[in-house]
Amino acid sequence: MLTLGIDIGSASSKAVIMGDGKELVATAVVQAGTGTSGPKRVTAEIFERSGVLPEQISATIATGYGRYGVDMADGQISEITCHAKGVHFLFPAARTILDIGGQDAKAISINENGRVLSFFMNEKCAAGTGRFLEVMARILEIPLSEMGDWDRKSEHPAVVSSTCTVFAESEVISQLSNGARREDVIRGVHNSVISRAMALLYRTHMEPAFVFTGGVAQNSGVVDSLRRELRQEVLVSPQAQLTGAIGAALLAQEKADQKGV
Amino acid sequence: MSEINFDEMTSKQMLEYLVAKNMEDARQAKAKGGLVCWSSSIAPCEFCEAMGIYTVYPENHVVGIAARGGAPELLAHAERKGYSNDICGYARVNLAYMDVQKCISEEMPLPDLVLLCNNICETLLKWYENIAHTLNIPLLIVDVPYNHESEVTEENVAYVEAQFKRIIEQLEDITNRPFDYDKFEEVMKIASQNAKDWYDATALCSAVPSPLSGFDMFNYMALIVCMRGKAECGITFRKLKAELEEKAANKICGLKGAEEQHRIMWDGIACWPYLSHTYKVLKNHGVNMVGSTYPSAWALMYTPGDLNGMARAYTSMGNNLSLKGQIDLRESIIRDTKCGGVIMHMNRSCKMCDFLQHEIGEAVTSDMRVPITTFDGDQADPRNYSKAQYETRIEALVEMMNERKREGGGQ
């Protein structure tokens, strides 16, 4: 049986087709989120890439900020539950999840069955999320995808203390104009993201294993900063950005099973 | 009043009629040279009522403005005058209203005196001081010490009682009349009975399904705020109680057009600018808000004639309790109203509520294993709320409650 999970975020759209709730059949990511052409493009792309026909899909669940805009979905489930489910599938030992997406950050405690025990999300402000890193990448004149490589070169990390994106932007500009090296400022930016995320994580049970998901988990600099802060291993899947969509596809499988499809 | 037959009215009709009448009476009194007092919502109304001073309530007035979408222009006016947007939204809107005396809601007459009791909030002290200073009118203060320990001390009660005596003297000076102790005792009797009637009616939220949605309770609250010293208030709540008992007997749920699938406690003040949105999202998921700290907030019961007992009642109310008292209060509400989840309104206007919520949330989660979610919002300023954020968090909470139900836990 094939099921489809679609995660429409604020900055990107992700889709996953799973077979019998066990294997990843196909994945697709489009870097455009809700309110753009992203949702349509990601659905077209996943069918084209996999050769699967829409009528072969037994159930579809949509998640993410734009979940109610997916016409073909059989249901919508919040990204909190989907991330928990997706992480449990990828890392059954996971108990604490940090997810940082385009405009929100969340820390989730889950049990051995992948059930959410508690979750904590950022305030209305999007500081410390993917959007924050995008702004920083722009003023540092470095592609977002290269931030991790630059971070590794840092020898004297700068301190970016402002938690507000606007103030942090001024702070970074001021550090650069005072001659700070870009790699050191980048390390400071990554540490600042994690220092904000830790405020959410400390409210969970802080039980290992820790898993980092969401688009920001693709940035090795932020992942390393989290490892340093926690002083322990942090699991990151190559499918970090797809975790929500994987969870949605798994929940679609449960829905199809219940309906006896 | 004589043309109105309460027997033929529902409690909701009485509520609407009486709240409007209270404001109209104050306007008319003001026009005829009578005295009008602006009072905080859980200050002792008994004194002004005994002296025939018409009392209106800025907090309640701002609620009417915010719920009708009229807060932004007043907030902007206050901010232009230099009030930071970190200050309570009720205070900003009211201070702006004092200046412009125009709003989307009812006209509220300017005061001849102000009365505040800081048992619910410390901002009131500076807010009301500003009103008194600007309008050059008397400021009556009941300063209630915070109860840091689990017991309300005799010293604190005596301190508050002494201030009650001072208020009596102040009112004698303001009205140039001796204090009417007979009327005072009569009002104490009425206020105490009204407090009991309010509590008895709203306590019916414990029935399953609850015949009263907490959002309807928010509306009825206007009456216990504005007319706690008047007999009609109790008549309305006794009528409400009878209506709710009938609904409970027939298993009629307070959610209009939806079935009660989950019961939750709402922590904090309502998000008035988005009252309808916050209600509908819950209703669409079959979530009935049945638990709240409001029923006990006005349960100010004491023996009429006992000034010391009255001081104790105003000192011991829920918001003025120690952290442990606040936790115990929430846990008993969750138990009594059989709630399976908690929603905490992280209200930008009320720092006191917000700071307590983290600790209360941790304690409730650990003691009762009840899932909790929080959302950012404001009691008056619509800029501090995001519909999508609220929806996602409520959905996640509902999913957690569903899982718990499937696994046989919760509710």
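Sequence order for the protein chains is D and A.
Using the numbering used here, read the first sequence as starting at 504 and increasing by one per residue.
Using the numbering used here, read the second sequence as starting at 40 and increasing by one per residue.
The beta-carbon is built from N, C-alpha and C at its ideal position, and this holds for glycine as well.
All values reported here derive from a predicted model rather than from experimental measurement.
Contact annotation for D/E757 against chain A: no contact, minimum CB-CB distance about 11 Å [criterion: below 7 Å]. Rounded to the nearest angstrom, the Cβ distance from D/A531 to D/E548 is 4 Å, consistent with a contact under 8 Å. Taking 8 Å as the CB threshold, A/P410 lines the interface with chain D. D/K627 reaches chain A at D415, N423, Y424, S425, Q428, counting residues in chain order whose Cβ is nearer than 8 Å. With fewer than 16 other beta carbons inside 10 angstroms of its own, D/G763 counts as exposed. Nearest C-alpha to A/D138 among A/V95, A/I308, A/L163, A/L174: A/L174.
If only uninterrupted alpha helix (DSSP H) runs of at least 4 residues are considered, those enclosed by the segment 276-363 of chain A are 314-323, 333-336, 346-354.
When only Cα atoms are considered, A/C156 and A/I43 end up about 34 Å apart. Boundaries for D/I580: no beta strand (DSSP E) harbours it, and the DSSP string shows neither H nor E there. A/E370 does not reach chain D, its nearest Cβ partner there being about 17 Å away, counting only Cβ pairs nearer than 9 Å. With respect to D/V726, D/G633 sits apart: the two C-beta atoms are not nearer than 8 Å. In the DSSP annotation of this structure, the continuous segment of the beta strand (DSSP E) that includes D/E526 starts and ends at 526-533. Shown here, A/S50 sits in a helix according to DSSP, grouped into three states. Inclusion of A/C142 and A/I104 in the CB contact set at 8 Å is warranted, their separation being smaller than that value. For D/V619, the closest Cβ of chain A is nearer than 8 Å.
Looking at A/W305, A/M340, A/S249, A/T275, the one whose alpha-carbon comes closest to that of A/A297 is A/S249. Taken atom to atom, the span from the alpha-carbon of A/N347 to that of A/D182 is near 15 Å.
About 6 Å separates the beta carbons of A/L436 and A/P410, which is inside the 8 Å limit, making them a contact pair.
Looking only at A/K165, A/E438, A/E193, the smallest Cα-Cα distance to A/V153 is reached by A/K165. Look at A/L251 here: in three-state DSSP terms it is coil, with no helix or strand label. When the five nearest sequence neighbours on each side are left out, the beta carbons in the same chain lying within less than 8 Å of the beta carbon of D/S553 are those of I520, V528, A529, in order along the chain.
In the DSSP secondary-structure assignment, A/H384 is bridged to A/F414. Residue range 390-407 is occupied by the alpha helix (DSSP H) that includes A/C392. One finds E438 in chain A with Cβ atoms closer than 7 Å to the Cβ of D/I580, taken in chain order. Distances from the alpha-carbon of D/G538 to those of D/V555, D/L556, D/S516, D/E551 put D/S516 closest.
Membership of A/M266 in any alpha helix (DSSP H) is not indicated, and neither H nor E is assigned to it by DSSP. For D/G522, the enclosing beta strand (DSSP E) begins and ends at 516-522. Collapsing the DSSP output to three states places D/A683 in coil. In chain order, S581 make up the part of chain D whose C-beta sits under 7 Å from the C-beta of A/E434.
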